[in-house]
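Chemist: After the structure tokens below, expect a handful of questions from me.
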Amino acid sequence: MSRPKVPLSRIFPRCLTISLYLWSSYVSLTRIHLIWYKFLVSVDVILVMIGLYTYRKVIVTGPGSPLDYEMIRISDMRAVESGSELPPEFLSRRSITMKRDGRFRVCRTCHVWKPDRCHHCSRCDKCILKMDHHCPWFPSCIGFNNQRFFIQFLLYATTYSTITFLFSTIQLFDWFRKKQYEVDLIDFHLLSVWLLSIAVSVSLPFFTGFTIYQVTKNQTTIEMHIHRRYREELEILADTCGSINSSRDNAYDLGSALANWKDLMGEYWVEWFFPVNTSKMERNRNTLDHKGLYFELRGDINGRLLETMNLQDRLLRRLTPRSSIDQMN
Numbered sequence: 375m376s377r378p379k380v381p382l383s384r385i386f387p388r389c390l391t392i393s394l395y396l397w398s399s400y401v402s403l404t405r406i407h408l409i410w411y412k413f414l415v416s417v418d419v420i421l422v423m424i425g426l427y428t429y430r431k432v433i434v435t436g437p438g439s440p441l442d443y444e445m446i447r448i449s450d451m452r453a454v455e456s457g458s459e460l461p462p463e464f465l466s467r468r469s470i471t472m473k474r475d476g477r478f479r480v481c482r483t484c485h486v487w488k489p490d491r492c493h494h495c496s497r498c499d500k501c502i503l504k505m506d507h508h509c510p511w512f513p514s515c516i517g518f519n520n521q522r523f524f525i526q527f528l529l530y531a532t533t534y535s536t537i538t539f540l541f542s543t544i545q546l547f548d549w550f551r552k553k554q555y556e557v558d559l560i561d562f563h564l565l566s567v568w569l570l571s572i573a574v575s576v577s578l579p580f581f582t583g584f585t586i587y588q589v590t591k592n593q594t595t596i597e598m599h600i601h602r603r604y605r606e607e608l609e610i611l612a613d614t615c616g617s618i619n620s621s622r623d624n625a626y627d628l629g630s631a632l633a634n635w636k637d638l639m640g641e642y643w644v645e646w647f648f649p650v651n652t653s654k655m656e657r658n659r660n661t662l663d664h665k666g667l668y669f670e671l672r673g674d675i676n677g678r679l680l681e682t683m684n685l686q687d688r689l690l691r692r693l694t695p696r697s698s699i700d701q702m703n
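End of the sequence shown = 703 in the numbering used here, gap-free, step of one.
Pasting the structure below:
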């Protein structure tokens, strides 16, 4: 059985990113002489290796999809439309986004029930759990499973580009200071790395800062752009849960920037800065918690939600014909 071919649109960005890393590292190690060589090699090699490793982790881990979970696949779309096929209880009782008619969201392309914060990516052609955005540099979606590695990669890449800029600037400044341009041409390889490091060092910190800011709000890029629709979905819930303050923008905001940061990046600083599994992932390895299928909500919603959604779910299942329930089981 032959393996499916990887399209050029996926191969080229990955090869380009890896090549830029390796090429800039090679030029730095062979053209920069004013930095203590052992220090230069240690810093350069460590940053390149951990940067490329995290880049690979983002791709290999993937964002996660409802298609990974057999229990939320839809067996008959017509039964869903008629209301005789319902989502599993663990999903329907823990979700807050739904359609205007009160029914659970579905994806007609993937034939799955759509959990909160899940969206269909037209480029990947599948639904993505807690989709943040589709990044052309991987190219892959950034979602629930790989968002943490993506942020770590941004931090590593920003650090590497900044250090490369500083080291190459020292070397080029010394070349000008000694007026070597009077007798020799400038090193174009080093100059190109310097220009590249400037471009990356200027642009990447802004994007990294914006991404971290979104994490501290527990908000995805998509949720920022579909703010109006998200508010409408929250107002639907507010109609049934009278105590919910729907004027607050984000139901997933846990109350503080640190709590939101720990929710994604882990509980300890080692988990924040190194691409290792978090203690939360290890604790929930054999459960459905922390899988991107449902999320912890802010205090004024969580308790009221569980009570109301449980009541709604039991009522809906009682109204559903028993024969349909039996067929599902």
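Don't be surprised by glycine CBs; every beta carbon is placed ideally from N, CA and C.
1. Going by DSSP, name the residue or residues bridged to Lys-500.
2. Given Asp-627, which residues of its chain have a CB within under 7 Å of its CB, disregarding the five upstream and five downstream residues?
3. How is the alpha helix (DSSP H) around His-508 delimited, first residue to last?
4. Please name the residue in Thr-533, Ile-586, Leu-564 whose C-alpha comes closest to that of Ile-544.
5. Out of Lys-500, Leu-460, Phe-562, point me to the one whose CA is closest to Asp-442's CA.
6. Between the Cα of Asn-520 and those of Val-486, Phe-669, Thr-661, Gly-436, spot the shortest distance and give me the residue it belongs to.
7. For Pro-490, does the count of other Cβ atoms within 10 angstroms reach 16, so buried, or fall short, so exposed?
8. Does the beta-carbon of Met-451 have 16 or more other beta-carbons within 10 angstroms, so that it is buried, or is it exposed?
9. Comparing C-alpha positions only, which one of Leu-408, Thr-404, Leu-382, Ile-392 sits nearest to Phe-547?
10. Quickly, what does DSSP pair Arg-447 with across the bridge? List them, please.
11. Looking at C-alpha atoms only, which residue of Trp-568, Gly-438, Asp-558 is the closest neighbour of Cys-492?
12. Thinking C-beta only, is Ile-572 closer than 8 Å to Phe-512?
13. Let me check one thing: in DSSP terms, what residues is Cys-515 bridge-paired to?
14. When the Cα atoms are used, what is the spatial distance from Asn-660 to Leu-578?
15. Cβ of Phe-478 within 8 Å of Cβ of Pro-461?
16. Note the first and the last residue of the continuous alpha helix (DSSP H) segment covering Gly-640.
17. Just to confirm my understanding: we take Ser-566, look at its own chain, exclude 5 residues before and 5 after, and list those with CB closer than 7 Å. What are they?
18. Are Trp-487 and Ile-446 touching if we call contact CB-CB under 8 Å?
19. Whose C-alpha, out of Tyr-530, Thr-391, Glu-597, Ile-406, is nearest the C-alpha of Leu-503?
20. Within a Cβ cutoff of 8 Å, which residues of the same chain sit near Leu-421, ignoring the five residues on either side of it in sequence?
Modeler: Let me spell this out:
1. Note: Lys-500 sits in a beta bridge opposite Cys-495.
2. Contacts found: Lys-591, Asn-592, Asn-634, Arg-672.
3. Here His-508 belongs to no alpha helix (DSSP H); instead the beta strand (DSSP E) covers 507 to 509.
4. Nearest C-alpha to Ile-544: Leu-564.
5. Out of Lys-500, Leu-460, Phe-562, Lys-500 has the C-alpha closest to the C-alpha of Asp-442.
6. Comparing Cα positions, the closest option is Gly-436.
7. For the record, residue 490 in the displayed sequence is Asp; it is not Pro. Within 10 angstroms of the beta-carbon of Asp-490 lie 16 or more other beta-carbons, which makes it buried.
8. It counts as exposed.
9. The shortest Cα separation from Phe-547 among Leu-408, Thr-404, Leu-382, Ile-392 belongs to Leu-408.
10. Partner(s): Val-486.
11. The shortest C-alpha separation from Cys-492 is found at Gly-438.
12. Annotated as distal: Phe-512 and Ile-572, with beta-carbon spacing of 8 Å or more.
13. Cys-515 is bridged to His-508.
14. Asn-660 and Leu-578: Cα-Cα distance of roughly 37 Å.
15. Yes, Cβ-Cβ distance for Phe-478 and Pro-461 is below 8 Å.
16. For Gly-640, no alpha helix (DSSP H) segment is defined, and its DSSP state is neither H nor E.
17. Setting aside the 5 residues that flank it on each side, Ser-566 has no residue in the same chain whose C-beta is closer than 7 Å to its C-beta.
18. Their beta carbons are under 8 Å apart, which means Trp-487 touches Ile-446 by this criterion.
19. Here the closest residue by C-alpha is Glu-597.
20. Taken in chain order, the residues that qualify are Tyr-530, Thr-533, Tyr-534, Ile-537.
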